[in-house]
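First comes the structure, then the notes that go with it.
As structure tokens, then:
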């Protein structure tokens, strides 16, 4: 039997009189992958932040290889051999990738050579199948690319205990398999991995044991071979979860099967003056979901920003219900029925310092001319809060204080309540727990059922395959092929993501 590498014993941690962790005990054996599951707010992140020295527990003890430890900072935890890849990035945006990596490399001092860091990044990138541009600035990178930098930076510190928070969300299936092989190698070397993920299938594949948390408490710790995906989901949310989604045919809609969006030979420049979108053509009809699958940084962001009117194309055409909107202003696109759910809900979709009512009014305030009828928007906001189950104590508080799941519900409520003809949804379940993910997916399918056209951009291949009527695979700014879900499998799509053109 493997020796105990880590023990967190009876951990309590509170904020303002509310307990985020209530007597949680968690252990990690040498040479195992231990998965940690739970909804947003279940206490997972708080527990891990205590472990890595970001928080100090109010009660409880932590033992590393039998010796009690207390960390005053993340640096203490790193020196003790504990590394964590956070879901929310810990990167300096104005610095380059290699400079951020250098900040995390212990013991090299001020004489650190740029060429040496670049060489090590190249080696680690090749070893873990995580492609990044070491000379790019962080601000130039997509959300997915930034996460890959975090993964590389942590793996390069060679930790004794490795904590991974949603590490595969930006990887192809082949890259995920490569990461899993790496984790198994880490396990064989006697180190321990704490693996946090909302993807039940991959947890079942990679984990030896699984701990489920709910409401700040540990609900159960089980061996992976002793439990099913359905049982894990039920333990997480306290009820049965919908794991499969039906897609009935749209009925009674004049949009059904009509071409709503057409993109012709579109070319768009990226932030680094590169050709990010290279001659893409696609079509989305009413009552269908076109899923675009690909690894982050392959042109998805530039494509949707061109469609939404946030980035000017170099060439090509974009049509909405037959009208050329290639150079139309954003307000005209909104008036024609385009709704946009961006990946960065707190930076692009919503204004964090404004309250819920003002955020609901953002797209429609101008329709009242020079006057702003706040009472009308308060009534609308209250109705949307009830309809979309947005959990908020007051309507006049800043939305930046809301949880990620509730921010996403608010964004969906505003975008879908405008009766759009086209919904452009980018990573709509990014960072959400399983219950919030279920809610978002059901709402998108409802819109499909009403005959709306949906362009779904996601790096979650399970999500793409579950919701889409057609799947377009993108690689380096080009469409490698378009498949029906019943024709696709993860290996086939993964090869296309890596640049292998279909047919």
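Residue numbers (my numbering): 161 to 663.
Where a beta carbon is used, it is the ideal one built from N, C-alpha and C, also for glycine.
- In the displayed model, residue 590 falls within coil according to three-state DSSP, outside both helix and strand.
- Selection 460, 446 and 442 evaluated against residue 476 yields 442 as nearest (Cα-Cα).
- By the CB criterion at 8 Å, residue 310 and residue 251 fall inside the cutoff.
- Contact between the region 222-238 and the region 384-395 is not established, with fewer than three Cβ pairs separated by less than 8 Å.
- Residue 297 is bridged by DSSP to 256.
- In this model, residue 472 and residue 457 are separated by some 18 Å (Cα to Cα).
- Counting only unbroken stretches of 4 or more residues, no alpha helix (DSSP H) element lies wholly within the region 421-451.
- Beta-bridge partners of residue 639 (DSSP): 634.
- Looking at 580, 569, 575 and 579, the one whose alpha-carbon comes closest to that of residue 590 is 569.
- The three-state secondary structure of residue 381, taken from DSSP, is strand.
- Between the alpha carbons of residue 290 and residue 417 lies a distance of about 39 Å.
- For residue 163, there is no enclosing alpha helix (DSSP H), as DSSP marks it with neither H nor E.
- With contacts defined as CB atoms closer than 8 Å, residue 617 and residue 633 fail to qualify as a contacting pair.
- Residue nearest to residue 409 within the set 561, 599, 446 and 386 is 446 (criterion: CA-CA distance).
- The DSSP-derived three-state label of residue 525 is helix.
- Non-local beta-carbon contacts of residue 462 in its own chain, meaning distances under 7 Å to residues more than five positions away in sequence, involve 428, 430, 436, 437 and 471 in chain order.
- Residue pairing of residue 353 in beta bridges, as defined by DSSP: 193 and 322.
- Residue 221 and residue 371 have their C-alpha atoms roughly 19 Å apart.
- In this model, residue 242 and residue 162 are separated by some 19 Å (Cα to Cα).
- Per DSSP, residue 648 lies in no beta strand (DSSP E) segment and is marked neither H nor E.
- With a threshold of 16 other beta carbon atoms within 10 Å, residue 405 falls short and is exposed.
- Taken through DSSP and simplified to helix, strand or coil, residue 307 comes out as helix.
- Residue 486 has no beta-bridge partner at all, per DSSP.
- Looking at the backbone, the Cα of residue 612 and that of residue 383 are separated by about 43 Å.
- In this structure, 421 is the residue among 421, 453 and 295 with its C-alpha nearest to the C-alpha of residue 484.
- Fewer than three pairs of CB atoms, one per stretch, sit closer than 8 Å, so the region 346-353 makes no contact with the region 274-289.
- By the neighbour-count criterion, in which 16 or more other beta carbons inside 10 Å mark a residue as buried, residue 487 falls on the exposed side.
- Residue 352 is not a Cβ neighbour of residue 197, given a cutoff of 8 Å.
- Rounded to whole angstroms, the separation of the alpha carbons of residue 357 and residue 364 is 11 Å.
- Taken atom to atom, the span from the alpha-carbon of residue 168 to that of residue 360 is near 24 Å.
- Here residue 397 is not bridged, per DSSP, to any residue.
- Here the alpha carbon of residue 625 sits roughly 8 Å from the alpha carbon of residue 631.
- Put simply, the backbone Cα of residue 504 is about 42 Å away from that of residue 226.
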